[in-house]
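What follows is a short report on a single structure.
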Amino acid sequence: MRSFIYYSRTAPTAGNYIKEDLQASGRIDIAIHSVIASFFLSHKIRTDTTLHMIFAGPPTPSRHLEIKPKTEGKTGEDKIYLSKKNVSDILKKMLYKYREGEKYEVFPGYWIEKMGFLELVDTLLDQGKKVYMLDNEGEDIRKADIKDDAVFILGDHKGLPQKEWKRLKQKCIPVSIGKRMYFASQTIAVVNNELDRREDGE
Ligand SMILES: C[S@@+](CC[C@H](N)C(=O)[O-])C[C@H]1O[C@@H](n2cnc3c(N)ncnc32)[C@H](O)[C@@H]1O
């Protein structure tokens with residue numbers, strides 16, 4: 001199992017804030033690309049990945065959206081079908097279905113709750129997971145010791161806020177996919193590829 005945390009300080013926290021213009025909707029387009037890079041292989045959905053997203057934009061920050069799509073069972077009953085076309089609708093529905101005071105499973109494998117970024121990282125650390133911060137100045141991922149059940153943190157188009165970044169540096173291991181700055185979704189694709197190759201003994 002591997003997990004990603006995508007943090008966005010602009011992604012909206014209410015369904016009606018996601019409009020047709022996805023870029024103008026708090027850069028929700030980046031979150032959508034990150035969902036696609038997390039789960040889609042050619043003709044296959046990954047079952048070894050969990051994506052956590054912290055949306056800290058208006059009107060009511062922060063929301064934690066957790067996605068671990070189910071692939072077994074009947075569509076509409078045991079699972080919902082995740083396709084590249086419907087990611088925006090799914091995120092919108094998750095935001096609409098938020099319920100105060102609970103971690104609500106909107107569809108099988110799709111949860112939403114009120115939770116902040118650092119609280120989520122602390123929760124995963126408390127569960128004994130190793131948390132890596134994706135940072136172009138970190139240790140080269142090709143040489144890094146990556147534990148099973150690793151968690152990787154990424155920022156949005158603005159990166160991670162300075163205050164959070166300083167706090168995380170004390171608890172997380174910075175790893176890099178190279179010196180150049182990539183999109184969050186490209187970074188997820190490269191990390192997934194690196195982990196796949198290790199698993200496949202390449
Ligand atoms: C578009 S980048 C953020 C750009 C932002 N202007 C900044 O300076 O942080 C989005 C995220 O992808 C990850 N990322 C991008 N390039 C990376 C690299 N070479 N190595 C590791 N992570 C990278 C980082 O987590 C970053 O916050």
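Quick note on numbering: our numbering labels position 35 of the sequence shown as 35, and the sequence is numbered without any gaps.
Quick reminder that beta carbons are idealized off the backbone N, C-alpha and C, glycines included.
Within-8 Å CB hit, T60 to chain D: No chain D is part of this structure, which consists of one protein chain only.
Rounded Cβ spacing between V151 and V87 (contact assumed at less than 8 Å): Position 151 of the sequence shown holds residue 151. Position 87 of the sequence shown holds residue 87. With a Cβ gap of about 21 Å, V151 and V87 do not count as contacting.
T50 in three-state terms, based on DSSP: Locating residue 50 in the sequence shown gives position 50, counting from the first residue. In the structure shown, T50 sits in a strand (DSSP, three-state: E or B).
DSSP-derived helix/strand/coil call for D196: For the purposes of this step, residue 196 is identified with residue 196 of the sequence shown, where counting begins at 1. Note: D196 maps to helix in three-state DSSP.
Rounded separation between G101 and E113 - CA only: As a position in the sequence shown, residue 101 is number 101, starting the count at 1. As a position in the sequence shown, residue 113 is number 113, starting the count at 1. Approximately 8 Å, taken between the alpha carbons.
Every unbroken alpha helix (DSSP H) inside the stretch 150–180 [4 residues or more]: 162–169
Three-state secondary structure (DSSP) of K103: What you label residue 103 is simply residue 103 of the sequence shown in a count that begins at 1. If DSSP states are grouped into helix, strand and coil, K103 belongs with coil.
Three-state secondary structure (DSSP) of S38: To locate residue 38, count along the sequence shown from 1; it is residue 38. Reduced to three states, the DSSP call for S38 is helix.
Three or more C-beta pairs below 8 Å linking the stretch 10–21 and the stretch 55–66: yes
Cβ-based burial, A189 [other Cβ within 10 Å; buried from 16]: As a position in the sequence shown, residue 189 is number 189, starting the count at 1. With 16 or more Cβ atoms within 10 Å of its Cβ, A189 is classed as buried.
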